[in-house]
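> My structure is below; once you've seen it, I'll send some questions.
Numbering (full-length UniProt numbering), first residue to last: 1 to 262.
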């Protein structure tokens, strides 16, 4: 019964989920227009301040090297050596943009990066996302992710958006003796996955669980693999559920602000 009640009450949970001052307004919104940066291969994505520039730290450097090695024919070990102490741009926010029939830019979900956005700036919960990966967490027992032949969707917390610039990629390929006539910037999403997921068929919702109250170690994805924002809710008994855009009571508007690219 709780699951069916949850399905019907997701819309009214919006204040709890996002910390908004008033109930959800389903009317068309266009406010808080911001300016961001686009990259060549990511024309439908806008990256927004806060922006910082620093070397990649800790275990993340190996994961980034592994991902880059899938994009260029250079070993992860070689790439990792080049990554050390090299500063890269990191963005704190990312938004999907779309264009209506008139050609005007409209904003989609504005996703916040937990690692970059200061805690006192998190006026709403805009960190939790749906994404696509070959690493599946659709299991309800302790264990590592299952690697699939095809991508499946998962849920997690966005941490930051890293820009591996084309100049760096060209430098790596040149040093490795690999000729590439053209390379584009590579924008990576650092995502901390939710480790346990299961679908409740009777109510059409997803239950999730954390490992010791935490996400698992971050995964590196191409930024285009981020699908949308999702909400989450905890029932009094501690059961956790994902809240999707599409619910039994209509479409949830998770838009925070519309971003115009440079």
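Cβ coordinates follow ideal geometry from the N, Cα and C atoms, glycine included.
Since the model is a prediction, treat every value here as computed from it, not as a measurement.
So, helix, strand or coil for residue 70, using DSSP?
If DSSP states are grouped into helix, strand and coil, residue 70 belongs with coil.
> Thinking just about the alpha-carbon of each residue, which of 207, 229, 100 and 90 is nearest to the one in residue 160?
Nearest option by C-alpha distance: 90.
> Using C-beta distances below 8 Å, list every residue in its chain close to residue 136, excluding the 5 sequence neighbours before and after it, in chain order.
Correct list, in chain order: 145, 146, 147, 148, 152 and 154.
> Give the straight-line distance between the Cα atoms of residue 156 and residue 104, rounded to the nearest whole angstrom.
Rounded to the nearest angstrom, the two C-alpha atoms are 31 Å apart.
> Run through the DSSP bridge pairs and tell me what residue 87 is partnered with.
Residue 87 is bridged to 55.
> Tell me the DSSP secondary structure of residue 323 in three-state form.
Residue coverage of the chain in this structure runs from 1 to 262, which leaves residue 323 outside it and unanswerable.
> Expressed to the nearest angstrom, what Euclidean distance is found between the alpha-carbon atoms of residue 208 and residue 50?
So the two alpha carbons sit approximately 30 Å from each other.
> Kindly confirm or deny that the segment 175-188 and the segment 62-78 touch, where touching means at least three C-beta pairs closer than 8 Å.
Segments in contact, yes.
> Got a sec, what are the start and stop residues for the beta strand (DSSP E) residue 150 sits in?
Note, residue 150: beta strand (DSSP E), 146-164.
> Measuring straight from C-alpha to C-alpha, what distance separates residue 62 and residue 102?
If I take the Cα positions, the gap works out to 45 Å.
> Please state whether DSSP places residue 239 in a helix, a strand or coil.
It is coil, neither helix nor strand.
> Which whole-angstrom value is the C-beta distance of residue 116 and residue 52, which I expect to be below 8 Å?
Contact holds; Cβ gap of about 7 Å.
> Taking 6 Å as the limit between beta carbons, can you name the residues of its chain near residue 225, skipping five residues before and five after?
Only 131 and 132 meet the Cβ criterion.
> Are the CB atoms of residue 220 and residue 88 nearer to each other than 8 Å?
Cβ distance not < 8 Å, so residue 220 and residue 88 don't count as in contact.
> Excluding the 5 residues flanking residue 65 on each side, which residues of the same chain have their C-beta closer than 7 Å to its C-beta?
Cβ neighbours of residue 65 beyond the five flanking positions: 76, 79, 80 and 83.
> Quick check: the Cα distance between residue 186 and residue 169, rounded to an integer number of angstroms?
Cα to Cα, the separation comes out at about 9 Å.
> So what's residue 244 in DSSP terms, helix, strand or just coil?
In this structure, residue 244 counts as coil in the three-state DSSP scheme.
> Measure the alpha-carbon distance for residue 227 versus residue 236 and round it to whole angstroms.
For residue 227 and residue 236, the distance between alpha carbons rounds to 29 Å.
> To the nearest angstrom, report how far apart residue 126 and residue 92 are at their CA atoms.
Each residue's alpha carbon lies about 11 Å from the other.
> For residue 226, does the three-state DSSP call read helix, strand or coil?
Of the three classes helix, strand and coil, the one that applies to residue 226 here is strand, per DSSP.
> Roughly how many whole angstroms lie between the Cα atoms of residue 97 and residue 158?
Going from the Cα of residue 97 to the Cα of residue 158 covers about 18 Å.
> Alpha carbon to alpha carbon, what distance is there between residue 234 and residue 58?
If I take the Cα positions, the gap works out to 32 Å.
> Looking at residue 193 and residue 216, is the spacing between their C-beta atoms short of 8 Å?
Yes, the pair counts as a contact, with Cβ atoms nearer than the cut-off.
> Tell me whether the beta-carbon of residue 205 lies closer than 8 Å to the beta-carbon of residue 188.
Taking 8 Å as the Cβ cut-off, residue 205 and residue 188 do not qualify as a contacting pair.
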